[in-house]
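For reference, the structure is listed below as structure tokens.
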Amino acid sequence: MSRGFEVRSLAEIAIRCADVGTMLAFYRDVVGLEVLSGDERSDIVFLKVCEGYRGHICVLALFARDAGRPEIHPAGTEPPVTGAGSSLHHLALGVDFEAQDAAVAWYRQNGLAPRVERFDWIGWRGVFVTDPEGNTVELVARDPDWSAPEKASA
Numbered sequence: 003m004s005r006g007f008e009v010r011s012l013a014e015i016a017i018r019c020a021d022v023g024t025m026l027a028f029y030r031d032v033v034g035l036e037v038l039s040g041d042e043r044s045d046i047v048f049l050k051v052c053e054g055y056r057g058h059i060c061v062l063a064l065f066a067r068d069a070g071r072p073e074i075h076p077a078g079t080e081p082p083v084t085g086a087g088s089s090l091h092h093l094a095l096g097v098d099f100e101a102q103d104a105a106v107a108w109y110r111q112n113g114l115a116p117r118v119e120r121f122d123w124i125g126w127r128g129v130f131v132t133d134p135e136g137n138t139v140e141l142v143a144r145d146p147d148w149s150a151p152e153k154a155s156a
């Protein structure tokens, strides 16, 4: 039996937050995402990442730890787990390769300590920082000068 559908894009990532206002300030003011809905006092904030697929804007949603619809998303009163204990390994946002050096300078200007990593197997370079609640955030780009390694002949 055929599945009947094919995933075309990532439409939304939702992060449960201990402090939505602090996280909003980071993703809006430091990372540069546009606010679609909500503010510092909201339990849920939606930020635009990019245009997405067929009219569905790709968003990052910030949820207060006890926000949402419990029948869909179980919520609790405990602070969310971040860092090594979290099921979220990292969040990667695509940028132009040429903009990564500016991102490093901007992050440093904002008191962050960015790390730059190369992924030679696929031609990507990532600029990594940690958000206010301990989640790893990557700005990733494909190196336009990268070419796939030659496959070894048998």
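Note that our numbering has the sequence shown beginning at 3, numbered continuously upward. Backbone N, C-alpha and C fix where the C-beta goes; we use that ideal spot for every residue, glycine too.
**Request:** Work out the CA separation of K153 and E36 for me, nearest whole Å.
**Result:** One-based indexing of the sequence shown puts residue 36 at position 34. One-based indexing of the sequence shown puts residue 153 at position 151. Rounded to whole angstroms, the gap between the alpha carbons of E36 and K153 is 42 Å.
**Request:** Could you check the C-alpha separation between L38 and A143 for me, to the nearest Å?
**Result:** As a working mapping, residue 38 is identified with position 36 in the sequence shown. As a working mapping, residue 143 is identified with position 141 in the sequence shown. Cα to Cα, the separation comes out at about 25 Å.
**Prompt:** Who are the near neighbours of H58 in its chain, counting only those whose CB is closer than 6 Å to its CB and skipping five residues on each side?
**Reply:** The residue labelled residue 58 in the question sits at position 56 within the sequence shown. These residues qualify, in order along the chain: A13.
**Nearest candidate by alpha-carbon position, reference I46, set A16, A115, I74, G34** = As a first step, residue 46 must be located in the sequence shown, where it is residue number 44. If we check each option's Cα against that of I46, A16 comes out closest.
**Message:** Looking at M25: is its Cβ nearer than 8 Å to the Cβ of D133?
**Reply:** The residue given as residue 25 occupies position 23 in the sequence shown. The residue given as residue 133 occupies position 131 in the sequence shown. Closer than 8 Å, so yes.
**Message:** Just to check my reading of the structure: L141 and V97 have Cβ atoms closer than 8 Å, yes? What is that Cβ distance to the nearest angstrom?
**Reply:** Translated into positions along the sequence shown, residue 141 becomes position 139. Translated into positions along the sequence shown, residue 97 becomes position 95. So it is a contact: roughly 5 Å between Cβ atoms.
**Request:** On a CA-only basis, which of F65, V129, C60, R56 is nearest P116? Give me that one, please.
**Result:** Taking the first residue of the sequence shown as position 1, residue 116 is located at position 114. Minimum Cα-Cα distance from P116 among the listed residues F65, V129, C60, R56 corresponds to V129.
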